[in-house]
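Chains as they are written, first to last, in this note's numbering: chain U, -3 to 308; chain P, 151 to 471; chain Z, 440 to 783. Where is the CB? At the ideal position from N, CA and C, for every residue including glycine. A short worksheet on the structure shown next.
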């Protein structure tokens, strides 16, 4: 605490002190050179330095992405099909559709399951052994290499249905997304204050109503962060899709019929394929696809934040 | 309508739950419990699938698999000690760097160091980086990071080469470039989740600290952070998990060499990269061995989480929580 | 609450619509899916795309994920055809009921690309390049290299060897060649899609052909083995190698065709050329195969496959060399055409 002693109202407390010594009232003047203040300023400078240092690589990645990807970003690139070999031009429209469909389906599977599980962990049985086991499982699953999620989905879906398909890709992505959603949603729900909850109980709500109407809406920003992180990661994963959805140079919709049970293109696999080819055209397209992917996620991010804000 | 429906005085806001409310409550709780079981089942199912394929490998190679450094497919010798070492080394390094900077970023963005609009822009940009595909990070590592650190690495090697950490030359892919790129990859996750944790701390708490005469950083470090600690720790767990399992970028940057070395500049190997690089071309015997390696990776994740939980519990007890 | 319910209902409706099977008759195009080797991927993608464009009833997709993964897909019947640089072993063939028809479609050369300032047209004798990859020859100024290149100014620089980080058919072919020309290699690292490379700091690994090419471009004093198309389009210098007959042959010319033609294909069309004997043959070349089921469940698909093979053997061969691959010699092409009739 500050140097000096808080003056006691009753001076007779100072009996044990030397005669003539008076407790010094604390100085309320701003003292920027005092040790603790200096320390704080130094830490602020340190934090700024750290933020700048951390921004350098982040800016570098974004810069490379924007410069190389932007060079090739035209409308045609978004609606045409991938070029082969020596071909010029072309685009990755089908890959955009494929990514949206598979990540969307994956989210459709993982987000409800993840939130339900988090509800259990945060509200219904936070200290039970089941909760401990489930938390453990979720944390372990965060370390699952993406290629294993692909191998798992291959064995569970592709071999069973006999074909590569978009739903198989969605399952692999869902496996990768679920742990993030569960862990962040649980943390978000734990922060809702007891007072609000007790008030709701006092009004006669059942536990589910408390969860639905109080906890979830309040925790929504935190949950959305988790969902966005999960979606962002899933959109950029290649290895799981190589084993479940493969790739296709054609549209998902043909002659008015949507066929999901067939190999499906995706931006991540396209980038993987094209960045490894020796042709300039393909490499440029790979960069443009990376930029489009990031912009897509940004778009979803902004939309979800806007929607989340309105509810609260 | 149950007779409890209007138990209070007429016109009261509060009322007891109706029969439908009770039913919905039970159904929802059942669903939530089912969700929890589903996660558990998912892990069990994955373990079973992998274990089934790994069994021949485990049977043939036993524990020696974990301590051998020999990987010779042609002769059937397999050992993943260098991969285990590389996984732990690179992930810890990435966690230290990425975790530190991620938390600092989170503090920077939530504790009024920037005007609020600017902070939102920053925050969205950082979150965006989580969406960049691994392949792009790998390419960035090859084209930007390796050339950028090569002069520094050469200087360190020639002047401080005695220290084992700098004991070899950087000839391209290696441990340090991989760890640096990995740190950048987990930074957005750590930063985003930590920001949420910090933002959940009521402002009153900070004001109370100021009221007691704390400096800005005393308020942050001694009051805000401890309150947000479980959230920040959760962020670190997520980041570490991602680091352990990162496949594509590391496959491009780690060098795939089965050497055990302390040097930051020598090529190394990680379990996830080993899997990614060898699985596509693997014959049945190699697949079993690779699945065994996958189980080892999951076991490592498990052990690290246990250790982390124990550390948290000890810290919690010390803080008198 | 109401809003979430409505969105849920809408979402389920959309999902149901998406997952519903289209009415019969709406699918008039036959879709063929293949996976496997990445070595011929650039060429195959060009072939399959133009074939799908010109054909009225067939669309073909191909994904490169490695010969081994392709063979696995093929055995599991999750694809209609596969591609492999290493053909198939007898035990793998045995796992496919109904039999497998292997068809060599094209060939490729593996070059030793290098990055040494000011040195063009480097000549490497057999024992020298084997020695480099064994870690025995360690400097560019080594007397043996100097002896083979009297006019070149070779720097006194360490040789950095760039090898593949991932397991690949390219490594398999390259190591087969090294084992054929060097006893020491055969006893040491041996042959395989991955081998145990000499433990040296100067051996660096990068994944996939393009990774090796990028590392070569960025590391002065390096040498590595890359598929010809990648070296050509990355504008890397390629070494001229000494073949069995003692001649120095550069990659990219007629040397590849000579190598392919010098081998007599057995009945099952699996042949290796680890060390071709023809006087002007380029020493490191290989066929790459398409794997097809002899018995296909769907006769329309079988017909489509035969159509595809026919296209690749006629129109397809015309673009092979421009894309960096070796066109099939005449006699081989006709043998393959005959064998394609086995696909039913």
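- Exposed or buried, what is residue 297 of chain U when buried is set at 16 or more other beta-carbons lying within 10 Å of its beta-carbon? Along the first chain, one-based indexing puts residue 297 of chain U at 301. Classification of residue 297 of chain U: buried, given that the 10 Å Cβ count is 16 or more.
- Query: Between residue 219 of chain P and the rest of its own chain, which residues show a CB-CB distance below 7 Å, the 5 nearest in sequence each way excluded?
  - Reply: Position 69 of the second chain, counting from 1, holds the residue named residue 219 of chain P. Only 229, 231, 232, 408, 410 meet the Cβ criterion.
- Task: Using a Cβ-Cβ cut-off of less than 9 Å, list which residues of the stretch 476 to 498 of chain Z approach chain U; keep chain order.
- Result: 477, 480, 481, 482, 483, 484, 485, 486, 487, 488, 489, 491, 498
- Burial state of residue 173 of chain P, where buried means 16 or more other Cβ atoms lie within 10 Å: Position 23 of the second chain, counting from 1, holds the residue named residue 173 of chain P. Flag for residue 173 of chain P reads exposed.
- When burial is assigned at 16 or more other CB atoms within 10 Å of the CB, is residue 309 of chain P buried or exposed? Position 159 of the second chain, counted from the first residue, corresponds to residue 309 of chain P. It counts as exposed.
- Should residue 515 of chain Z be flagged as near chain U, meaning a C-beta pair shorter than 9 Å? By one-based count along the third chain, residue 515 of chain Z stands at place 76. So, interface residue.
- Partners in chain P for residue 634 of chain Z, counting only beta-carbon separations shorter than 8 Å: The residue labelled residue 634 of chain Z in the question sits at position 195 within the third chain. Near residue 634 of chain Z (Cβ distances below 8 Å), the residues of chain P are 222, 223, 224.
- Message: Determine, for residue 642 of chain Z, whether the minimum Cβ-Cβ distance to residues of chain P falls below 9 Å.
- Response: Within the third chain, residue 642 of chain Z is the residue found at index 203, counting from 1. Closer than 9 Å: yes.
- Taking only beta-carbon atoms, is residue 67 of chain U less than 9 Å away from chain B? In summary, chain B is missing from the structure at hand, where the protein chains are U, P and Z.
- Are the beta-carbon atoms of residue 591 of chain Z and residue 563 of chain Z separated by less than 9 Å? In the third chain, counting from the first residue as 1, residue 591 of chain Z sits at position 152. In the third chain, counting from the first residue as 1, residue 563 of chain Z sits at position 124. No. Outside cutoff.
- Task: List the residues of chain U whose Cβ lies closer than 7 Å to the Cβ of residue 397 of chain P, in chain order.
- Result: Counted from its first residue, the second chain places residue 397 of chain P at position 247. Going along chain U in sequence order, the residues near residue 397 of chain P (Cβ under 7 Å) are 141, 142, 143, 235.
- Member of Z:491, Z:515, Z:489, Z:537 whose CA lies at the smallest distance from the CA of residue 474 of chain Z: The count along the third chain starts at 1 and reaches residue 474 of chain Z at position 35. That would be Z:515, whose Cα lies nearest to the Cα of residue 474 of chain Z.
- Item | Minimum Cβ-Cβ distance from residue 83 of chain U to chain Z less than 9 Å | The residue labelled residue 83 of chain U in the question sits at position 87 within the first chain. Residue 83 of chain U counts as touching chain Z.
- Task: Compare the C-beta of residue 438 of chain P against all C-beta atoms of chain Z and say whether one is closer than 9 Å.
- Result: For the purposes of this step, residue 438 of chain P is taken as the residue at position 288 of the second chain. No, residue 438 of chain P lies away from the interface with chain Z (no Cβ there is under 9 Å from its Cβ).
- Excluding the five sequence neighbours on either side, which residues of its own chain have a C-beta within less than 6 Å of the C-beta of residue 261 of chain U, listed in chain order? By one-based count along the first chain, residue 261 of chain U stands at place 265. 90, 91, 94, 243, 244, listed in sequence order.
- Message: Out of P:421, P:297, P:269, P:189, which one is the CA nearest neighbour of residue 446 of chain P?
- Response: Locating residue 446 of chain P in the second chain gives position 296, where the first residue counts as 1. Checked all of P:421, P:297, P:269, P:189; the closest Cα to residue 446 of chain P is P:421.
- Message: Just to confirm the assignment: which complete beta strand (DSSP E) runs, minimum length 3, are found wholly within the stretch 686 to 753 of chain Z?
- Response: Counting only runs that start and end inside the stretch 686 to 753 of chain Z, the beta strand (DSSP E) elements of at least 3 residues fall at 724 to 732.
- Query: Which partner residues does residue 236 of chain P have in the DSSP bridge list?
  - Reply: Here residue 236 of chain P refers to the residue found at position 86 when the second chain is read from its first residue. In DSSP, residue 236 of chain P forms no bridge with anything.
- By Cβ distance, which residues of its chain are closer than 6 Å to residue 113 of chain U, with the 5 residues on each side in sequence left out? Indexing the first chain from 1 puts residue 113 of chain U at position 117. Only residues of its own chain outside the window of five on either side were considered, and among them 178 have a CB closer than 6 Å to the CB of residue 113 of chain U, listed in chain order.
- Environment of residue 55 of chain U [buried if 16+ CB atoms lie within 10 Å]: Your numbering for residue 55 of chain U matches position 59 in the first chain. It is exposed - the Cβ of residue 55 of chain U has fewer than 16 other Cβ atoms within 10 Å.
- Is the CB of residue 148 of chain U under 9 Å away from at least one CB in chain Z? On the first chain, position 152 is the one that residue 148 of chain U refers to. Not a single C-beta of chain Z is nearer than 9 Å to the C-beta of residue 148 of chain U.
- Buried or exposed: which applies to residue 777 of chain Z, given that a residue is buried once 16 or more other Cβ atoms fall within 10 Å of its Cβ? On the third chain, residue 777 of chain Z is found 338 positions in, with the first residue counted as 1. Under this definition residue 777 of chain Z is an exposed residue.
- Identify the contact partners of residue 292 of chain P in chain Z, using a Cβ-Cβ distance below 9 Å as the criterion. Reading the second chain from its first residue, position 142 is the one you call residue 292 of chain P. By Cβ distance, chain Z contributes 645, 650, 653, 654, 657.
- Item | Runs of alpha helix (DSSP H) lying entirely within the stretch 256 to 344 of chain P, each at least 4 residues, in chain order | 266 to 278, 284 to 290, 296 to 310
- Message: Our contact map puts residue 199 of chain U next to residue 277 of chain P with C-beta atoms below 8 Å; I'd like the distance itself, whole angstroms only.
- Response: For this step, residue 199 of chain U is matched to residue 203 along the first chain. For this step, residue 277 of chain P is matched to residue 127 along the second chain. The pair is not a contact, with the Cβ atoms about 36 Å apart (cut-off 8 Å).
- Query: Are residue 594 of chain Z and residue 546 of chain Z closer than 9 Å when you measure CB to CB?
  - Reply: Mapped onto the third chain, residue 594 of chain Z falls at position 155. Mapped onto the third chain, residue 546 of chain Z falls at position 107. With respect to residue 546 of chain Z, residue 594 of chain Z sits apart: the two C-beta atoms are not nearer than 9 Å.
- Query: By the 10 Å Cβ neighbour count, where 16 or more other Cβ atoms means buried, how is residue 270 of chain U classified, buried or exposed?
  - Reply: Walking along the first chain from the start, residue 270 of chain U turns up at place 274. Residue 270 of chain U is buried by the Cβ-count criterion.
- Query: Between which two residues does the alpha helix (DSSP H) containing residue 533 of chain Z stretch?
  - Reply: Along the third chain, read from residue 1 onward, the residue named residue 533 of chain Z stands at position 94. It spans 529 to 533 - the alpha helix (DSSP H) in which residue 533 of chain Z sits, taken as one unbroken run.
- Message: Between Z:498, Z:554, Z:478, Z:768, which has its C-alpha nearest residue 676 of chain Z's C-alpha?
- Response: Here residue 676 of chain Z refers to the residue found at position 237 when the third chain is read from its first residue. When each option's Cα is compared against that of residue 676 of chain Z, the closest is Z:554.
- Three-state secondary structure (DSSP) at residue 502 of chain Z? As a first step, residue 502 of chain Z must be located in the third chain, where it is residue number 63. Correct three-state label for residue 502 of chain Z: strand.
- residue 175 of chain P versus U:75, U:209, U:127, residue with shortest Cα-Cα distance: Along the second chain, read from residue 1 onward, the residue named residue 175 of chain P stands at position 25. Looking at the Cα atoms, U:209 is the closest of the given residues.
- Item | Span of the beta strand (DSSP E), counted from its first residue to its last, around residue 603 of chain Z | The residue you call residue 603 of chain Z lines up with position 164 of the third chain. Element bounds for residue 603 of chain Z: 599 to 603.
- Task: Please classify residue 765 of chain Z: does DSSP put it in a helix, a strand, or coil?
- Result: On the third chain, residue 765 of chain Z is found 326 positions in, with the first residue counted as 1. If DSSP states are grouped into helix, strand and coil, residue 765 of chain Z belongs with the strands.
- Cβ of residue 518 of chain Z within 9 Å of Cβ of residue 527 of chain Z? For the purposes of this step, residue 518 of chain Z is taken as residue 79 along the third chain, with counting starting at 1. For the purposes of this step, residue 527 of chain Z is taken as residue 88 along the third chain, with counting starting at 1. Inclusion of residue 518 of chain Z and residue 527 of chain Z in the CB contact set at 9 Å is not warranted, their separation being larger than that value.
- Message: Please report whether the beta-carbon of residue 79 of chain U lies at a distance below 9 Å from any beta-carbon of chain Z.
- Response: In the first chain, residue 79 of chain U corresponds to position 83, counting from 1. Taking Cβ atoms only, chain Z reaches closer than 9 Å to residue 79 of chain U, which makes this a yes.
- Task: Compare the C-beta of residue 621 of chain Z with all C-beta atoms of chain P and state if any pair is closer than 9 Å.
- Result: By one-based count along the third chain, residue 621 of chain Z stands at place 182. Not an interface residue.
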